[in-house]
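**Student:** Going down the list, the sequences are from chains A and B.
So for the first sequence, this note's numbering puts the first residue at 6; every next one is plus one.
So for the second sequence, this note's numbering puts the first residue at 14; every next one is plus one.
The structure that follows is given in the form of structure tokens.
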Amino acid sequence: MSYFSDIYNGVKTLLIGMSVTGKYFLTSRKGAITQQYPDNRETLKMFDRFRGEVIMPHDENNEHRCTGCQKCEIACPNGTIEIIWDRKINEETGKKKKVIDKFVYHLGLCTMCGLCIDVCPTDAIEWGQNFENSVFDRTYLTRVLNTPGSKLQPGVED
Amino acid sequence: MNIPLNITKTIHDWLFSIMPEGAASIVEMFIIALVYLGIFTVIGLFLVFLERRVSAWFQLRIGPNRVGYQGILQSLADALKLLSKELTGTVKADKFLYNLAPYFVIISALMALAVIPFTKEFHAFDINIGIFFLIAISSIGVIGILLGGWSSNNKFALIGAMRSGVQTISYELSIGLSLLTMILITGSLQLSEIVEVQKNGWLIVQGHIPAIIAFMIFMISGTAETNRAPFDMAEAESELGAGFHTEYSGMKFAYFFLAEFINMFIIAAIAATVFFGAWLSPFGITESLPWLGVFWFLGKTLSLVFLMMWFRWTFPRLRVDQLLTLEWKYLLPINLVNIIIMALIVWLNLTITF
């Protein structure tokens, strides 16, 4: 008698499937995941885990968290990150300390693997949400992530 | 030369008043052919657009919404693009058959369209074996597919065409038998008389349980007959490229594509005619306005077309053996038993009529 139960189960499961897709059909107007991109450029917000580019956040005193340890430069498989650093005398303690001059980031080489961000001990760099990266000359893809005149946030090295 | 063409009496009378009888009927047939070509194109393009929007909504996308209001001209733009494309082909193709195949497909679809009753008046060719004609014509379309697959000289196209042949020949039986079940009630193959019978209630109500079973079988085998998913092994994209029309480009490809959608419309139109009363309004609410029949007919047909699209975007594709098991082990025996039940119901006068 499995013949008739096969028919019954077949029809039942097909109807369950159709009800599932039917629900999606009815709610699709509100829940559509498609972004109509150039139209909603102002309101478009990328999702949290989007890997657009590597950025270095600065606080309001123009201070970043990069100690210049170069772990990211070593971790990067493509040579995307170059840290130009110098030893400067710390005014408070009078000791020589390693300080970054330029954090150079070649976006054209980056594969967005995220190893630099994983390896950073002070969370100085993180993922940016920007995705409009097209430029007319590839020299524009080389970026300096720390702003001019920025310095290390106090207390990061402690 | 006196085929009952009763679309518009005024044009008919006017033509016969200014021309000799033979010339007038030829001109009239020509006009009607042009009108049906227009309907064919408009319905085909609209269904392509509808399919794209509906599939987008099923998949939580938006779909084409840029060209015209809500993207309604999108498929027209696509057709213009295809029209301007180069017609390529394989070197070793059988040129004659290769060029002939799209016309077989499209002519069979057009011929089937002629029999469909849009309303009482708008019914080009009310032949007394209407249903039989439709079943016969819809199986001629497979010749075009087989020719296309064979003459392309491409193994994937050939496999696709052969699968299509297997499928269409098997499911032809179910289509015929499920329509035969309903013909037991109407007692006529003529489509206008089938509609006439349904003034006492649509056939799916009159025939109740066996009619519903017949309707389900008809929709399943109709989907298979038009080579649509879940029965789209003839053009299974993941296995065969595009199946039988792999080697076609430009307008020839567009003919296959349009014919596929017209076939879907025809299957839905047959179902609407035989099961849901064609142009009859529910409970006769607009009987005083006969021209609204087109609206009711298209409404019923498009909702059935939507049902077929719903199938397509819900179910996964069947294997060949599963396809044949479904037909020969399930649909066919159920159908034969269903005919006997329906015969008993008609004999014992158990049909529900208002």
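Don't be surprised by glycine CBs; every beta carbon is placed ideally from N, CA and C.
Bear in mind that the values here come from a model prediction, so they are computed numbers and not experimental data.
Is it buried or exposed, PHE296(B), if we count other Cβ atoms within 10 angstroms and call 16 or more buried?
**Tutor:** PHE296(B) is exposed by the Cβ-count criterion.
**Student:** Report the neighbours of THR26(A) on chain B: residues whose CB is nearer than 8 Å to its CB, in chain order.
**Tutor:** PHE71, TRP323, TRP326 and THR327
**Student:** Can you give me the C-alpha to C-alpha distance between THR39(A) and GLN87(B), rounded to a whole angstrom?
**Tutor:** 18 Å
**Student:** From which residue to which residue does the alpha helix (DSSP H) around GLY133(A) run?
**Tutor:** Here GLY133(A) belongs to no alpha helix (DSSP H); instead the beta strand (DSSP E) covers 131 to 133.
**Student:** How many Å lie between ILE225(B) and TRP27(B) at the Cα?
**Tutor:** 46 Å
**Student:** Using DSSP's beta-bridge definition, name the partner residues of LYS107(A).
**Tutor:** ILE89(A)
**Student:** Going by alpha carbons, who is nearest to GLU47(A) out of GLU137(A), VAL149(A) and GLY160(A)?
**Tutor:** Closest by alpha carbon: GLU137(A).
**Student:** To which residues of the same chain is CYS77(A) closer than 7 Å at the C-beta, ignoring the five residues directly before and after it?
**Tutor:** ILE86, CYS121, VAL124, CYS125 and ILE130
**Student:** Check whether the Cβ atoms of ALA407(B) and GLY178(B) lie closer than 9 Å to each other.
**Tutor:** In the structure as shown, chain B starts at 14 and stops at 367, and residue 407(B) therefore has no counterpart that could be examined.
**Student:** With a 10 Å radius around its C-beta and 16 neighbouring C-beta atoms as the bar for buried, classify PHE141(A) as buried or exposed.
**Tutor:** exposed
**Student:** Residues in the region 340 to 355 of chain B with C-beta within 7 Å of chain A's C-beta atoms, listed in sequence order?
**Tutor:** Residues of the region 340 to 355 of chain B with a Cβ closer than 7 Å to any Cβ of chain A, in chain order: TYR343.
**Student:** Whole angstroms are fine: how far does the CA of ASP53(A) sit from the CA of VAL161(A)?
**Tutor:** Going from the Cα of VAL161(A) to the Cα of ASP53(A) covers about 25 Å.
**Student:** Closer than 9 Å, CB to CB, is ARG34(A) near chain B or not?
**Tutor:** With its beta carbon less than 9 Å from one in chain B, ARG34(A) belongs to the interface.
**Student:** Is GLU41(B) buried or exposed, if buried means 16 or more other CB atoms sit within 10 Å of its CB?
**Tutor:** buried
**Student:** Span of the beta strand (DSSP E) holding THR173(A)?
**Tutor:** Past the boundaries of the shown model lies residue 173(A); chain A is included only from 6 to 163, so the question cannot be answered.
**Student:** Helix, strand or coil for LYS50(A) per DSSP?
**Tutor:** coil
**Student:** DSSP three-state call for LEU157(A): helix, strand or coil?
**Tutor:** If DSSP states are grouped into helix, strand and coil, LEU157(A) belongs with the strands.
**Student:** Just the Cα atoms here: how many angstroms apart are PHE278(B) and VAL318(B)?
**Tutor:** 7 Å
**Student:** Is the beta carbon of PHE328(B) closer than 9 Å to that of ALA242(B)?
**Tutor:** yes
**Student:** Under a CB-based cut-off of 9 Å, is VAL333(B) close to chain A?
**Tutor:** no
**Student:** Cα-Cα, which of GLN41(A), PRO82(A) and GLY133(A) is closest to ARG79(B)?
**Tutor:** For ARG79(B), the nearest C-alpha among the options comes from GLN41(A).
**Student:** Using a 10 Å radius around the Cβ and a threshold of 16 neighbouring Cβ atoms, would you call PRO223(B) buried or exposed?
**Tutor:** buried
**Student:** In angstroms, rounded to a whole number, what distance separates the CA positions of VAL16(A) and SER139(A)?
**Tutor:** 52 Å
**Student:** Below 9 Å between beta carbons: does that hold for LEU8(B) and SER165(B)?
**Tutor:** Because chain B in this structure spans residues 14 to 367, residue 8(B) falls outside the shown range and cannot be described.
**Student:** Show which residues of chain A have a CB atom less than 7 Å away from the CB atom of ARG66(B).
**Tutor:** What ARG66(B) touches in chain A: nothing, since even the nearest Cβ is about 10 Å away.
**Student:** In its own chain, which residues sit with a C-beta less than 7 Å from the C-beta of LEU365(B), not counting the 5 before and 5 after it?
**Tutor:** According to the sequence provided, residue 365(B) is Ile. The question's Leu does not apply to it. Apart from sequence neighbours up to five positions away, the residues of its chain that approach ILE365(B) with a beta-carbon distance below 7 Å are GLY214, VAL218, GLN219 and HIS221, ordered along the chain.
**Student:** Going along chain B, which residues have a C-beta under 7 Å from TYR29(A)?
**Tutor:** PHE71 and LEU73
**Student:** Could you pull the start and end residues of the alpha helix (DSSP H) that ILE140(B) belongs to?
**Tutor:** First-last for ILE140(B): undefined, no H or E at that position.
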